[in-house]
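Below: the structure, in structure tokens.
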Amino acid sequence: MRKLVVVVVLSLIVFVIHQLSYVDESVLAGQLSESLSIITSCPPDALEPLVSLPPITDSRIPDTVHQLWKTTNIEDYSTEIKPSRVAWQTMFEPLNYTVKLWTDDDILKLVKDKYSWLLPTYLGYPHNIQRADIARMLIVHAEGGIYADLDVYPSSAEHIQCLQHLGMQAIFPPTGGTLGLSNHFFMAEHGSPFLQWVLYEAKRRGHGLALRRIVLPYLQVFWSTGPIMLTAALRKYAWLYDTLRDDIGLLDEGYSGAVIRHAAGRSWQGVDGRALNYIADHVQMDVILHATACLFIVLGLIYVVRRYYGRCPTI
């Protein structure tokens, strides 16, 4: 019986280390400041000089806000929070922005018409949230503009407009401090080369043994289509193309609240995702991963040592 318990403990340690390995070395590689520009502020008065500039230097990011839901009926989105669509319409439609809602049928048509090479991957995902993750990238790549989840609310139209005029091809909010890119809100130019790269990376990760070996649904989603994939794609893109730091932006964690408010509905996640997300919102990702791995290893070794010495005869 003792041998069986030891085997189970050691197997658990190996399993945890194996699963954590899919967090990807890019997430553990440190800050992203060498790969992109960290945006710590964008004062609205920065818009004033833009009035006198020629049109070619105007915003690369169109005045369109994109949102996603299964159908046009967003009333069944959540029983806990109110969908943010009205908030975006109220703040931005008077400024001549288009606030557009995409449904599952709209996305499927877009994939078939313009991204047929991605169709098998898109249809093959086991989780709807994976299709939603890819859908947002497809939408903004196809049309350009701003994407916001239905649990993301605008804090300031002026700050968002300012970000549009920074001359960047894409801007993302942070996750884990500035260790990673998140996808609940972002903006990009039409045909963004980086978003094209992200779609290629998602297709690559959507096939093969690696995805099937990830047992936890939460980690499977994050690795294949979510922030882990997005961050890894950024690091590879920046390394391969030697991207200048002013081409892609990451909102500083302290500044992002001036731009948007994220209610973080996360209704798709199971118990594993909700628990890990609560921790991730308060502790940096690298600390979580190293602490978790070390904890399981130490506890396992202590258990094995105690069992071993407990069986040794005393002199």
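Count the sequence shown with mature numbering (1 follows the signal peptide of the UniProt record, and there is no 0) and you get residues -19 to -1, 1 to 296, in order.
A virtual CB, placed ideally from N, CA and C, is assigned to each residue, including glycine.
Where the beta strand (DSSP E) containing residue i begins and where it ends
i, result
"Q150", "From DSSP, Q150 is part of no beta strand (DSSP E); its letter is neither H nor E."
"P107", "First-last for P107: undefined, no H or E at that position."
"R242", "241 to 243"
"I19", "18 to 20"
Three-state secondary structure assigned by DSSP to residue i
i, result
"G235", "helix"
"L162", "strand"
"P174", "helix"
"T156", "strand"
"Y134", "strand"
"P64", "coil"
"C23", "coil"
"Y181", "helix"
"I42", "coil"
"P96", "What sits at residue 96 in the sequence shown is Tyr, not Pro. Coil."
"T52", "coil"
"Y103", "helix"
"E15", "coil"
"D57", "helix"
Sheet register partners of residue i (DSSP bridge)
i, result
"H47", "K81, Y128"
"residue 306", "Residue 306 is absent from the model: the chain starts at -19 and stops at 296."
"I229", "A151"
Status (buried if at least 16 other CB within 10 Å, exposed otherwise) for residue i
i, result
"R60", "For the sequence presented, residue 60 should be read as Thr rather than Arg. By the neighbour-count rule (16 or more Cβ atoms within 10 Å), T60 is not buried but exposed."
"E170", "buried"
"Y222", "exposed"
"H122", "buried"
"V67", "exposed"
"L100", "exposed"
"D227", "exposed"
"D50", "The sequence given here has Trp at residue 50, not Asp. Buried, because 16 or more other Cβ atoms sit within 10 Å of the Cβ of W50."
"G238", "exposed"
"S173", "buried"
"L34", "Confidence is the limiting factor: at L34 the pLDDT is only 39, short of 50, which leaves the residue's position unreliable, though a coordinate-based value still follows. So L34 counts as exposed."
"S107", "It is Pro, not Ser, that sits at residue 107 in the sequence shown. So P107 ends up on the exposed side."
"Q48", "buried"
"V(-15)", "Below a pLDDT of 50, predicted positions are generally treated as unreliable, and V(-15), at 49, falls in that range; the measurement from the model is reported next regardless. It is exposed - the Cβ of V(-15) has fewer than 16 other Cβ atoms within 10 Å."
"P75", "exposed"
"P24", "exposed"
"W204", "buried"
"N54", "exposed"
"L104", "exposed"
C-beta contact flag for residue i and residue j at 7 Å
i, j, result
"A151", "I229", "yes"
"Y96", "D44", "no"
"A129", "F166", "yes"
"L131", "S65", "yes"
"L162", "T212", "yes"
"L232", "P155", "yes"
"Q111", "V46", "no"
"M168", "I127", "yes"
"L215", "S18", "no"
"I241", "V80", "no"
"I115", "A183", "yes"
"R185", "M210", "no"
"W69", "I120", "no"
"I62", "A244", "yes"
"S22", "Y181", "no"
"residue 307", "L200", "Outside the displayed span of the chain (-19 to 296) sits residue 307, for which this structure offers no information."
"E234", "G125", "no"
"H146", "S40", "yes"
Boundaries (first-last residue) of the alpha helix (DSSP H) holding residue i
i, result
"I141", "138 to 145"
"P198", "198 to 205"
"P208", "208 to 222"
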